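Report on one structure; see the data block that follows.
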Ligand SMILES: Cc1cc2nc3c(=O)[nH]c(=O)nc-3n(C[C@H](O)[C@H](O)[C@H](O)COP(=O)(O)OP(=O)(O)OC[C@H]3O[C@@H](n4cnc5c(N)ncnc54)[C@H](O)[C@@H]3O)c2cc1C
């Protein structure tokens, strides 16, 4: 017999659910871990076979690492760089003009700031999701399954080959070009950004052999330019510093890659062309750049809603953002944490639909603020978390002090408290305590 600890009306008691996740990227894997740990059966449907995960860095600040630790992800597998500084350098001379010290970051915020290689981060999440060790039932991963249709009322997914699967909830983690987003009725308003981006990889070993600076020693994200201009170079070291991942931004009129696919390639000439006056040392690094790829930049307006019926979206599908706050992955991890919590025994509000509404009410405002701040940081590095706290620097200037994103709000955010504060109005006070009903005896 089901036993109830509280009388939660309206709605049903917590129970094990059968949940589908569409998309097996960083967001899809992260949410499958948090839902597995919350006691649910999770199946990921991924359209590809994963051979194509891109070779670039990805940053994970304390607000992301916090959840990786809570989920017992083996972070050592990520072979990350433990970041100690953010360094903004002069465009021409390369001299540091603003440094944000991260040496006391872990002490202050409880968790470190890592820079991973995307493939390593993907692998460490996939291992945690699929392995038999750890809390919950191992996640089932089904590759080469492209979702083409969805019934948002009964959770039936249709795949490209006409086969179908039905689940009690469907999470769309299918990235910036999300199909689930379209299927839950969102009209996308987007425009190409005013800037373009090329990404290149440089090996530290090759740079040092040529007598170029060993930037890996700084354990820093390093920036050239970015002061009220579209020109900016971002260097992020990964793979324990052996690989330097360069994001090179410039005005779109100097090269428009907005329609290109990530697997398109570019040349060293394309990479160097926009930067005749750039610091010669970093230009030397770019001159030996490999795997040069365009990164399409589109500015998306916030979406009207993130859920419909028993389906929702998360990660880049829900809030694609400019890369300039380095928060894309962390926001996908936070979405995952929120979904795990609203489907947990402690915070389940009594139905799948209510849980998804609660998730949206918690995540939409925070992710939208980060999305807007990322767009501002595209043009002005002082808006970037960390530098936005550097108010003593004479160069410091943000558009609106009230709207700026601070390191404190990013890293001292209490998601459980936020969920409690957004608990559906008129629902039982007992839930605000908060303990939802539990059946199935555990
Ligand atoms: C080159 C690059 C560098 C980045 N660097 C950073 C960084 O430094 N810091 C940071 O925070 N963020 C960074 N980002 C952004 C970050 O990677 C994303 O915000 C984060 O990974 C969340 O992505 P996601 O899982 O929502 O989507 P994705 O990673 O795009 O994953 C979506 C998945 O869904 C699958 N899929 C798509 N459509 C379907 C369908 N119809 N059916 C089934 N499966 C489908 C795709 O194949 C893919 O595996 C970077 C992104 C790129 C491309």
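Residue numbers (the UniProt record's numbering): 1 to 442. Just so it is clear, CB atoms sit at the ideal spot from N, CA and C, and this is done for glycine as well. Note that this is a predicted model, so its numbers are computed, not measured.
- For residue 204 against residue 242, the beta-carbon gap comes to about 5 angstroms, under 8 angstroms, which counts as contact.
- Judged by DSSP in its simplified three-state form, residue 198 adopts strand.
- As the crow flies, the alpha-carbon of residue 330 is around 31 angstroms from that of residue 270.
- For the pair residue 109 and residue 411, the CB atoms are nearer than the 8 angstroms cut-off.
- When DSSP reads this structure, residue 114 sits in a beta bridge with 60 and 82.
- Following the DSSP letters along the chain, one finds residue 286 inside the alpha helix (DSSP H) bounded by residues 280-287.
- Sequence-distant partners of residue 187 (beyond 5 residues in either direction) whose C-beta falls short of 8 angstroms from its own C-beta, in its chain, are 304.
- In the structure shown, residue 172 falls within a strand segment according to DSSP collapsed to helix, strand and coil.
- Take residue 219, set aside five residues on each side of it, and the residues of its chain with a beta-carbon closer than 8 angstroms to its own are 81, 82, 83, 84, 85, 237 and 241, in chain order.
- Straight through space, the alpha carbons of residue 92 and residue 418 are spaced by roughly 45 angstroms.
- When C-alpha distances from residue 30 are compared across 366, 355, 340 and 309, the shortest belongs to 340.
- Taken through DSSP and simplified to helix, strand or coil, residue 361 comes out as helix.
- Assigned with DSSP and collapsed to three states, residue 349 falls in coil, not helix or strand.
- Check the Cα spacing between residue 234 and each of 25, 222 and 145: the tightest is with 222.
- Counting other Cβ atoms within 10 Å of its Cβ, residue 143 stays below 16 and is therefore classed as exposed.
- For residue 295, the CB falls within less than 7 angstroms of some heavy atom of ligand 1.
- Contact between the stretch 310-321 and the stretch 37-55 is not established, with fewer than three Cβ pairs separated by less than 8 angstroms.
- In this chain, the alpha helix (DSSP H) harbouring residue 204 covers 204-209.
- In the structure shown, the three-state DSSP call for residue 159 is strand.
- The beta carbons of residue 173 and residue 37 sit about 16 angstroms from each other, so the pair does not count as a contact at 8 angstroms.
- Distances from the alpha-carbon of residue 421 to those of 119, 361 and 276 put 361 closest.
- For residue 151 and residue 297, the gap between their C-alpha atoms comes out near 31 angstroms.
- A direct Cα-Cα distance of roughly 14 angstroms separates residue 232 from residue 374.
- Nearest Cα to residue 100 within the set 50, 16 and 385: 385.
- Non-local C-beta neighbours of residue 213 in its own chain, meaning closer than 6 angstroms and more than five positions away in sequence, comprise 281, ordered along the chain.
- Residue 352 sits close to residue 168, with the two beta carbons spaced by under 8 angstroms.
- DSSP, reduced to helix, strand and coil, places residue 370 within a helical segment of the structure shown.
- Straight through space, the alpha carbons of residue 28 and residue 344 are spaced by roughly 18 angstroms.
- Within the same chain, and ignoring the five residues on either side of residue 316 in sequence, the residues whose Cβ sits closer than 6 angstroms to its Cβ are 175 and 176.
- For residue 223, the shortest separation between its Cβ and any heavy atom of ligand 1 does not lie below 7 angstroms.
- Within the DSSP bridge table, the entry for residue 164 names 158 as partners.
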